[in-house]
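Asks: Mapping the sequence shown onto the working numbering, position 275 (from 1) lands on 275, and the numbers just tick up by one. To start, I am sharing the structure in question, which I have written as structure tokens.
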Amino acid sequence: MSSYIDLARKTVLSKPVYNPGKPIEMVALECGLDPDTILKLASNENALGPSPLGIEAGREALADVFLYPENSAYFLCKKLAEVRGVIPDQLVIGHGSSEIIHMLCAAFVEPGIDVVMGEHAFIAYKLATLLHSGNCLEAPLVDFRHDLNAMRDAITPQTRLVFLPSPNNPTGTSNTEAEIVEFARSLPDHVIFCLDEAYAEYIDNPPDLRPLIEEGRKIICTRTFSKIFGLAGLRIGYGYCHPDLADLLHRVRPAFNVNSVALAAALGALDDEPFLEKSKATNTAGLAQLTRGFEELGLDYVPSVGNFILVRFQDSDRIYTLLHDRGIIVRPLKGYALPEHLRITVGTEKQNRMLLEALVEILAN
Ligand SMILES: Cc1ncc(COP(=O)(O)O)c(C=O)c1O
């Protein structure tokens, strides 16, 4: 008798499984702790919780969940077009921006196709490429920053996609607008450039590639409602690009891929200026608080512009476990080939203080 494994596509078997940050409920069970006392600093979520206007709109949409969602996301696309200064036909809404990454690979990757990415870049690019039997060409980073010359050099005639996250997760580093524009302009015509802007709202003046999209360069920018908008659990993100590319992505997009509560909440959250401002300010203060604390502890960290920081420990496994046992969840990074590092999400002032106090105690022993 054949097993499921015998019958599966070989690429499915060789593809690594995504390892997310541990959920609060699981750590509470494992450690016998009250879930309310657990501090999750593992998945770069918004320390302030969800956008209140987003939640209000999502709650109202619950009454209609017996209906299928609006498949074209008409109202959200209309609103996003205003916010981003594009036209609705340039937008594709995904079940998280991760789904846009998967749609790109579904549309362009097959055996023999190369996809270029940075060595310690957000891991979804690799997983999506492997799922579609493509080759991952990983360019080394320099000082934890994407080296755009190395990425350009990695491009082959078989390359169809190049992924650049700026800021990158897990390093927290970014490239300048001038570097990214110059890189985008230098790419050959057979390559589609995806600029992943998941953390763009945390930085001042994120790069603007819309003029290059207008010029006809093959570019897509992706954004998410999971980070600064605080809607990670609803799974909604989007890409903006040339209408011809959007049209192609709609062909691989599963019907009704985004639920109606998420669509409504995203629409509400886009209007939540005060929440966005407060979230950004809290993050800026939190980054300063944590980096000061790490310096006082003599810890090596990578200066970050995201809502998380990469910190190196002599014994990261032990530190991870000791924090976990106290109910503080951070992110180990073996899957990113960074075994000595932990990634720590920026919390509120109180949460950051709790983390630093725990580290002081742990490192003293
Ligand atoms: C750089 C980067 N891009 C994309 C995503 C995907 O976010 P989502 O699928 O929740 O929109 C993440 C999530 O952590 C990320 O760090």
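Each residue gets a CB set at the ideal place from its N, CA and C atoms; glycine is no exception.
(1) By the 10 Å Cβ neighbour count, where 16 or more other Cβ atoms means buried, how is Phe-66 classified, buried or exposed?
(2) Since I believe Asn-135 is in contact with Asp-114 (beta carbons under 8 Å), could you give me their beta-carbon distance rounded to a whole number of angstroms?
(3) Could you tell me whether any non-hydrogen atom of ligand 1 is closer than 8 Å to the CB of Thr-222?
(4) I'd like the list of long-range same chain contacts for Gly-112, defined as Cβ closer than 7 Å, with 5 residues on each side in sequence excluded.
(5) Give me the Cα-Cα distance between Pro-52 and Ala-81, rounded to the nearest whole angstrom.
(6) Pick helix, strand or coil for Arg-235, following the three-state DSSP scheme.
(7) What do you reckon, are the CB atoms on Ile-155 and Val-191 nearer than 9 Å?
(8) Please go through the same chain and pick out, in chain order, the residues whose beta-carbon is closer than 6 Å to the beta-carbon of Gly-58, but skip the five residues on each side of it.
(9) Verify the contact flag: Pro-165, CB atom, against every heavy atom of ligand 1, threshold strictly below 8 Å.
(10) Take the Cβ of Ala-364 as the centre, count every other Cβ of all protein chains shown within 10 Å, and call the residue buried at 16 or more, exposed below.
(11) For a test of the three-state rule: what should DSSP assign to His-341, helix, strand or coil?
(12) CB-CB under 6 Å to Val-27, same chain, minus the five flanking residues each way: which ones, in chain order?
(13) Only counting runs of 4 or more residues, tell me where the alpha helix (DSSP H) segments fall wholly within the stretch 103-150, in order along the chain.
(14) For the alpha helix (DSSP H) holding Ile-213, just list the boundary residues, first then last.
(15) Could you check which residue in Glu-56, Asp-89 and Asp-34 has the C-alpha nearest to that of Asp-366?
(16) Going straight from the alpha carbon of Arg-318 to that of Leu-299, what length do you get?
(17) Have a look at Asp-204 and Lys-79 and give me their C-alpha separation to the nearest angstrom.
(18) Taking 8 Å as the threshold, find out whether the stretch 328-346 comes into contact with the stretch 302-312 through three or more Cβ pairs.
Replies: Looking at the atomic coordinates:
(1) Numbered from its first residue, the sequence shown carries residue 66 at position 66. Burial call: exposed.
(2) Here residue 114 is taken as the residue at index 114 of the sequence shown, counted from 1. Here residue 135 is taken as the residue at index 135 of the sequence shown, counted from 1. At roughly 5 Å, the Cβ-Cβ gap stays under 8 Å, so Asp-114 and Asn-135 are in contact.
(3) The count along the sequence shown starts at 1 and reaches residue 222 at position 222. Between ligand 1 and Thr-222, a heavy atom-to-CB distance of less than 8 Å is present.
(4) Within the sequence shown, numbered from 1, the residue matching residue 112 stands at position 112. So the qualifying residues of the chain are Gln-158.
(5) Against the sequence shown, residue 52 aligns to sequence position 52. Against the sequence shown, residue 81 aligns to sequence position 81. If you take the alpha carbons of Pro-52 and Ala-81, they lie about 22 Å apart.
(6) Taking the sequence shown and counting its residues from 1, the one referred to as residue 235 is at position 235. Three-state result, Arg-235: coil.
(7) Residue 155 sits at position 155 when you count from the first residue of the sequence shown. Residue 191 sits at position 191 when you count from the first residue of the sequence shown. Yes.
(8) Taking the first residue of the sequence shown as 1, we reach residue 58 at position 58. For Gly-58, where only same-chain residues beyond five positions count, the Cβ hits under 6 Å are Val-261, Ala-264 and Ala-265.
(9) Locating residue 165 in the sequence shown gives position 165, counting from the first residue. In this structure, Pro-165 has its CB closer than 8 Å to one or more heavy atoms of ligand 1.
(10) Looking up residue 364 in the sequence shown gives position 364. Counting the other CB atoms within 10 Å of its CB gives Ala-364 a total below 16, which places it among the exposed residues.
(11) Your numbering for residue 341 matches position 341 in the sequence shown. The three-state reading of DSSP puts His-341 in strand, counting E and B together.
(12) Residue 27 sits at position 27 when you count from the first residue of the sequence shown. Contacts found: Ile-38 and Ile-329.
(13) You should have 124-131.
(14) Numbered from 1 along the sequence shown, position 213 holds the residue referred to as residue 213. Start and end: 210-215.
(15) The question about residue 366 has no answer, for the chain in this structure spans 1 to 365.
(16) Along the sequence shown, one-based indexing puts residue 318 at 318. Along the sequence shown, one-based indexing puts residue 299 at 299. Cα to Cα, Arg-318 sits roughly 15 Å from Leu-299.
(17) The sequence position of residue 204 within the sequence shown is 204, counting from 1. The sequence position of residue 79 within the sequence shown is 79, counting from 1. Between the C-alpha atoms of Asp-204 and Lys-79 there is a straight-line separation of about 22 Å.
(18) The stretch 328-346 vs the stretch 302-312: in contact.
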